[in-house]
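Visitor: This is the structure, below, for whatever I ask next.
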Amino acid sequence: MRQVLLRLPYPNPFTGEWGTLPLYGYGLAMAVGFLVAILTAARRAKRDGSPPEVVHNCALACFFGGVFGARAFFVIQFSERFPSLLDLLRIWEGGLTFYGGFLVATLAVVAYLRLTRRPVLYWLDVIVPSLALGLAFGRLGCFLNGCCYGDVAHSGPGMVWPVGSIPWTHYAQAHLASLGQMGPLPGGAGGAAMMGALAAGWRMPAIHPAQVYSLVNALLLAVVLHVLFVRRRRNGQVLLTFVVLYGVSRYLLEMVRADEPEIYLLGLPTLLRLLGAHEAAEALPGLTISQNIAVTLVLVGGVLLWRLMKSRRPGLVVERPGQRDAAEA
-9 MRQVLLRLPY
1 PNPFTGEWGT
11 LPLYGYGLAM
21 AVGFLVAILT
31 AARRAKRDGS
41 PPEVVHNCAL
51 ACFFGGVFGA
61 RAFFVIQFSE
71 RFPSLLDLLR
81 IWEGGLTFYG
91 GFLVATLAVV
101 AYLRLTRRPV
111 LYWLDVIVPS
121 LALGLAFGRL
131 GCFLNGCCYG
141 DVAHSGPGMV
151 WPVGSIPWTH
161 YAQAHLASLG
171 QMGPLPGGAG
181 GAAMMGALAA
191 GWRMPAIHPA
201 QVYSLVNALL
211 LAVVLHVLFV
221 RRRRNGQVLL
231 TFVVLYGVSR
241 YLLEMVRADE
251 PEIYLLGLPT
261 LLRLLGAHEA
271 AEALPGLTIS
281 QNIAVTLVLV
291 GGVLLWRLMK
301 SRRPGLVVER
311 PGQRDAAEA
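In structure tokens form, the structure reads like this:
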């Protein structure tokens, strides 16, 4: 909605002239979300009788691993949007994927915890509720930036985005394609003129506020996981519950989003054709990349959660703070 919240004046040290530094809503929301996640996770650890300094150290690993993974997965998925190396570095303008950031950040945190001989599953349970809370701020950033937009709202709430925004441009291109003019909107004066003409004679359809749906979903996950942390019976229960719940909710949220192309589910149509079920293969709907990952998360996370709750291993059963401190000492 507002990619640039405001422009801060600053002096140029070389020329002495004053310029402006844009403050991007996406970057600000991500930064605030990261800080809120650190503070709430550290407070949760302290209340549980554990040193909050571990959270601060995990935050460093999470930051570098998360940013790298989130950007790398997005670039792999949408490589055509990055014609130059400089474009790869503009992370404050958007272009991060949660799955990539979550995967690499988790690996980085696990590596740190193992190196320092900390109980990995326990500390991941401490961090995950705050991760969901930070994700809510990230989705606020998506709303301000205009990315992760929704599909046409044939029913339910809908909103029309301003001219020139990311969702508006997407649907303008689709409108041009329906008229026989394929390809992206041209840049420069020609592009501005075409956008003006479209604004005068074409109205963008109302679309689902998918970012708002995702924000509410993340807040609900944060509350559920925070309550579960207090009542958990196994270390790792909060983490795996998040994996399953996020997978289910993300699959459903993708049904109202329009920013990812659909692909088939894990090669299932090919398998059906090999078995001779050609009609079933053709009728099978495509899924987005995120939906494919969500299905995998639900299946794998569900099995691991079931096995975890059945396990009686001493390291998995939740200990009282005093017992855990004695074990770590």
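The numbers in this note's numbering rise by one with no breaks, and the one at position 105 of the sequence shown is 95.
Heads up, the beta-carbon is just placed ideally off N, CA and C, and yes, glycines get one too.
Remember, predicted model here, so these are calculated numbers, not experimental data.
(1) Taking C-alpha atoms, which residue in 294, 208, 150 lies nearest to residue 224?
(2) Any idea what DSSP makes of residue 316, helix, strand or coil?
(3) Evaluate residue 61 with the Cβ neighbour count: other Cβ atoms within 10 Å of its Cβ, from every protein chain shown; 16 or more gives buried, anything less gives exposed.
(4) Could you give the distance in angstroms between the alpha-carbon of residue 227 and the alpha-carbon of residue 299?
(5) Just reading off the beta strand (DSSP E) that residue -6 is part of, what are its end residues?
(6) Hey, how far is the Cα of residue 282 from the Cα of residue 126?
(7) Kindly list the residues whose CB is nearer than 6 Å to the CB of residue 120, restricted to its own chain and excluding five residues on each side of it in sequence; keep chain order.
(8) What distance in whole Å lies between the Cβ atoms of residue 55 and residue 122, which are believed to be in contact at a cut-off of 8 Å?
(9) With a cut-off of 8 Å on the beta carbons, I'd call residue 308 and residue 234 a contact; round off their distance for me.
(10) Grouping DSSP H, G and I as helix and E and B as strand, with all else coil, what is residue 140?
(11) Could you pull out every residue in the same chain whose Cβ sits closer than 6 Å to the Cβ of residue 23, ignoring the five residues on either side in sequence?
(12) In the DSSP assignment, find the unbroken alpha helix (DSSP H) run with residue 205 in it and report its ends.
(13) Starting from residue 292 and walking both ways along the alpha helix (DSSP H), at which residues does that stretch end?
(14) According to DSSP, residue 149 sits in a beta bridge with which residue or residues?
(15) List the residues that DSSP assigns as beta-bridge partners of residue 192.
(16) Taking residue 119 as part of the alpha helix (DSSP H), name the residues at either end of that continuous run.
(17) For residue 307, which of helix, strand or coil comes out of DSSP?
(18) Just verifying my parser: in three-state terms, what is the DSSP assignment at residue 93?
(19) Short check: CB of residue 91 to CB of residue 59, under 8 Å?
(20) DSSP on residue 104, reduced to helix/strand/coil?
(21) Please return the same chain residues whose Cβ sits closer than 7 Å to the Cβ of residue 157, not counting the five positions on each side in sequence.
(22) Hey, could you find the ends of the beta strand (DSSP E) residue 11 is sitting in?
(23) Find the nearest neighbour of residue 105 within the set 48, 131, 207, judged by alpha-carbon distance.
(24) What are the residues that DSSP puts in a beta bridge with residue 247?
(25) Below 8 Å between beta carbons: does that hold for residue 149 and residue 199?
(26) Can you tell me whether residue 2 is buried or exposed? The criterion is at least 16 other CB atoms within 10 Å of its CB, across all chains shown.
(27) Are there 16 or more other CB atoms within 10 angstroms of the CB of residue 101, so buried, or fewer, so exposed?
(28) When burial is assigned at 16 or more other CB atoms within 10 Å of the CB, is residue 155 buried or exposed?
Guide: The short version:
(1) Taking the sequence shown and counting its residues from 1, one reaches residue 224 at position 234. Of the candidates 294, 208, 150, the one whose C-alpha sits nearest the C-alpha of residue 224 is 294.
(2) By 1-based counting over the sequence shown, the position of residue 316 is 326. With a pLDDT of only 43 at residue 316, under the threshold of 50, the placement of this residue in the model should not be trusted, and no figure is reported.
(3) Residue 61 sits at position 71 when you count from the first residue of the sequence shown. Buried, by the Cβ-count rule.
(4) Taking the sequence shown and counting its residues from 1, one reaches residue 227 at position 237. Taking the sequence shown and counting its residues from 1, one reaches residue 299 at position 309. Spanning the two alpha carbons is a distance of roughly 8 Å.
(5) Locating residue -6 in the sequence shown gives position 4, where the first residue counts as 1. That run of the beta strand (DSSP E) goes -6 to 1.
(6) Along the sequence shown, read from residue 1 onward, the residue named residue 282 stands at position 292. Along the sequence shown, read from residue 1 onward, the residue named residue 126 stands at position 136. Their Cα atoms are separated by approximately 22 Å.
(7) Sequence index remark: in the sequence shown, residue 120 carries index 130 (1-based). The residues are 27, 30, 31.
(8) Locating residue 122 in the sequence shown gives position 132, counting from the first residue. Locating residue 55 in the sequence shown gives position 65, counting from the first residue. No, residue 122 and residue 55 are not in contact; Cβ-Cβ is about 18 Å, not under 8 Å.
(9) Numbered from its first residue, the sequence shown carries residue 308 at position 318. Numbered from its first residue, the sequence shown carries residue 234 at position 244. Rounded, the Cβ-Cβ distance is 19 Å, inconsistent with contact.
(10) For this step, residue 140 is matched to residue 150 along the sequence shown. It is a strand residue.
(11) Residue mapping note: residue 23 aligns to position 33 of the sequence shown, counting from 1. 124, 127, 128.
(12) On the sequence shown, position 215 is the one that residue 205 refers to. Residue 205 -> alpha helix (DSSP H) spans 200 to 221.
(13) What you label residue 292 is simply residue 302 of the sequence shown in a count that begins at 1. Here the alpha helix (DSSP H) through residue 292 covers 279 to 300.
(14) On the sequence shown, position 159 is the one that residue 149 refers to. Per the DSSP secondary-structure output, residue 149 pairs in a beta bridge with 197.
(15) Working through the sequence shown from its first residue, we reach residue 192 at position 202. Per DSSP, none; premise fails for residue 192.
(16) For the purposes of this step, residue 119 is taken as the residue at position 129 of the sequence shown. From DSSP, the alpha helix (DSSP H) with residue 119 extends over 110 to 135.
(17) The sequence position of residue 307 within the sequence shown is 317, counting from 1. The answer is strand: DSSP assigns residue 307 an E or B state.
(18) Position 103 of the sequence shown, counting from 1, holds the residue named residue 93. Residue 93 falls in the helix class under three-state DSSP.
(19) Taking the sequence shown and counting its residues from 1, one reaches residue 91 at position 101. Taking the sequence shown and counting its residues from 1, one reaches residue 59 at position 69. Against a cut-off of 8 Å, the Cβ pair of residue 59 and residue 91 comes out as a contact.
(20) As a working note, residue 104 is residue 114 in the sequence shown. Residue 104 falls in the helix class under three-state DSSP.
(21) The residue you call residue 157 lines up with position 167 of the sequence shown. So the qualifying residues of the chain are 136, 139, 151, 197.
(22) Here residue 11 refers to the residue found at position 21 of the sequence shown. 8 to 14 is the span of the beta strand (DSSP E), which, as asked, contains residue 11.
(23) On the sequence shown, position 115 is the one that residue 105 refers to. Selected option, being the one with the closest Cα: 48.
(24) Sequence index remark: in the sequence shown, residue 247 carries index 257 (1-based). Paired residue(s): 140.
(25) Reading the sequence shown from its first residue, position 159 is the one you call residue 149. Reading the sequence shown from its first residue, position 209 is the one you call residue 199. Closer than 8 Å, so yes.
(26) Reading the sequence shown from its first residue, position 12 is the one you call residue 2. Classification of residue 2: exposed, given that the 10 Å Cβ count is below 16.
(27) For the purposes of this step, residue 101 is taken as residue 111 along the sequence shown, with counting starting at 1. Answer is exposed; the Cβ neighbour count stays below 16.
(28) Here residue 155 is taken as the residue at index 165 of the sequence shown, counted from 1. Counting other Cβ atoms within 10 Å of its Cβ, residue 155 reaches 16 or more and is therefore classed as buried.
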